[in-house]
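Sequential numbering of the sequence shown, starting at 25, is according to my numbering. The block underneath contains the structure these notes are about, expressed in structure tokens.
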Amino acid sequence: MSKTLITGGAGFIGSHAADVMAEHGLEVVVVDDLSSGKKENVNPAARFYKVDICSPKLSEVFKKEKPDLVHHLAAQISVADSVRNPVHDAMINVVGSVNLLQNCVKYGVKKVIFSSSGGTVYGATEHLPATEGLPFSAMSPYGVTKICMEYYLPYYKAEHGLNYTVLRYSNVYGPRQDPLGEAGVVAIFVQAMLEGRTPTINGDGRYIRDYVYAGDVARANYLAIEKGECDCFNIGTGIETDVNQLYDLIAAVTGFGNKPLYGPARPGDLRRNSLNAGKAERILGWRPGVSLKEGLEKTVAYFKDHQKRPGGKSR
Numbered sequence: 025m026s027k028t029l030i031t032g033g034a035g036f037i038g039s040h041a042a043d044v045m046a047e048h049g050l051e052v053v054v055v056d057d058l059s060s061g062k063k064e065n066v067n068p069a070a071r072f073y074k075v076d077i078c079s080p081k082l083s084e085v086f087k088k089e090k091p092d093l094v095h096h097l098a099a100q101i102s103v104a105d106s107v108r109n110p111v112h113d114a115m116i117n118v119v120g121s122v123n124l125l126q127n128c129v130k131y132g133v134k135k136v137i138f139s140s141s142g143g144t145v146y147g148a149t150e151h152l153p154a155t156e157g158l159p160f161s162a163m164s165p166y167g168v169t170k171i172c173m174e175y176y177l178p179y180y181k182a183e184h185g186l187n188y189t190v191l192r193y194s195n196v197y198g199p200r201q202d203p204l205g206e207a208g209v210v211a212i213f214v215q216a217m218l219e220g221r222t223p224t225i226n227g228d229g230r231y232i233r234d235y236v237y238a239g240d241v242a243r244a245n246y247l248a249i250e251k252g253e254c255d256c257f258n259i260g261t262g263i264e265t266d267v268n269q270l271y272d273l274i275a276a277v278t279g280f281g282n283k284p285l286y287g288p289a290r291p292g293d294l295r296r297n298s299l300n301a302g303k304a305e306r307i308l309g310w311r312p313g314v315s316l317k318e319g320l321e322k323t324v325a326y327f328k329d330h331q332k333r334p335g336g337k338s339r
């Protein structure tokens, strides 16, 4: 049985990845500093270490566990935060990631599956849905850090023989997404509506995104274990939805009747983005399985369930 270490495995996407790995019989180790992740998200079959990927203590985890595979999902994920504090963003997303790769080499990891961002690395391209062959053109420090790591991975393959696969996610949503941050519009809207508060849309609401369900993304991570060696893949639906449409869809599922409020646009946000995942279908055998309507229904059901629990907040 292969042993897989998942960084960010107490977080939103990472915890879904841990669930899928455990379901397929892999031995799972989770590393998370709980700065945004939550202990309750950790799969019960996983061994958990509260460790920052920037810390020298990460080496102790690798020395003890000696994983075969690493799924690297720990990151600073807010585009707006990266604009406000690019040094902090780079410390986690670049320095922390290189620290991780150094440990992978030192302790004999066979492959790293890296979570990149198809929503930022292509920038403001008109060639949509974007394909993997488009040039990089990030418009935020967050996107720059993802591109930086996509250059580091081939270096580590050439210099140290470390295999990798890059997955460029579109806008991921679903259960366990944090409604209190800035990077998860679906969770923010869902929780506000369930609490009877009117959400605020940043800008004019015509910002277009490609929304992909977290469970589908986790399945892509599993498929990349055996396929896609030293290559990159878009993980998205190719379906474009603007924020006004998303608001209406969530309002319909939650039964919320108010029209949205509008506020200023956020710095660093692209006007339009969607991904062509045809390459992932051909090589990884992956395609999205959950429609936006179905995914929103699952997400709303999760938030409703967590509101009923002691404490009453979906976190």
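Note that the Cβ used here is the ideal one computed from N, Cα and C, for glycine as well.
- In the DSSP annotation of this structure, residue 302 is not part of any beta strand (DSSP E); the continuous alpha helix (DSSP H) holding it starts and ends at 302-307.
- Under the three-state reduction of DSSP, residue 172 is assigned to helix.
- Beta-bridge annotation (DSSP): residue 95 is paired with 30, 137.
- Taking residue 117 as the centre and dropping the five residues before and after it, the same chain places the C-beta of 99, 100, 169 closer than 6 Å to its C-beta, in chain order.
- For residue 282, there is no enclosing alpha helix (DSSP H), as DSSP marks it with neither H nor E.
- Going by DSSP, residue 326 is part of the alpha helix (DSSP H) stretching over 316-331.
- In this structure the stretch 63-72 touches the stretch 37-52; the number of beta carbon pairs closer than 8 Å is three or more.
- With fewer than 16 other CB atoms across the displayed protein chains lying within 10 angstroms of its CB, residue 250 is exposed.
- A check of alpha carbon separations from residue 127 across 105, 93, 163 identifies 93 as the nearest.
- Using a Cβ distance threshold of 8 Å, residue 199 and residue 106 do not count as a contacting pair.
- Rounded to whole angstroms, the gap between the alpha carbons of residue 156 and residue 318 is 27 Å.
- For residue 245, the enclosing alpha helix (DSSP H) has its first and last residue at 238-247.
- In this structure, DSSP gives residue 73 an extended state, which the three-state scheme calls strand.
- Residue pairing by DSSP places residue 257 opposite 191 in a beta bridge.
- DSSP places residue 64 in the helix class (H, G or I) of the three-state scheme.
- Within the same chain, and ignoring the five residues on either side of residue 194 in sequence, the residues whose Cβ sits closer than 8 Å to its Cβ are 142, 143, 233, 234, 235, 236, 258, 259, 260, 261, 297, 298, 299.
- For residue 89, the enclosing alpha helix (DSSP H) begins and ends at 82-89.
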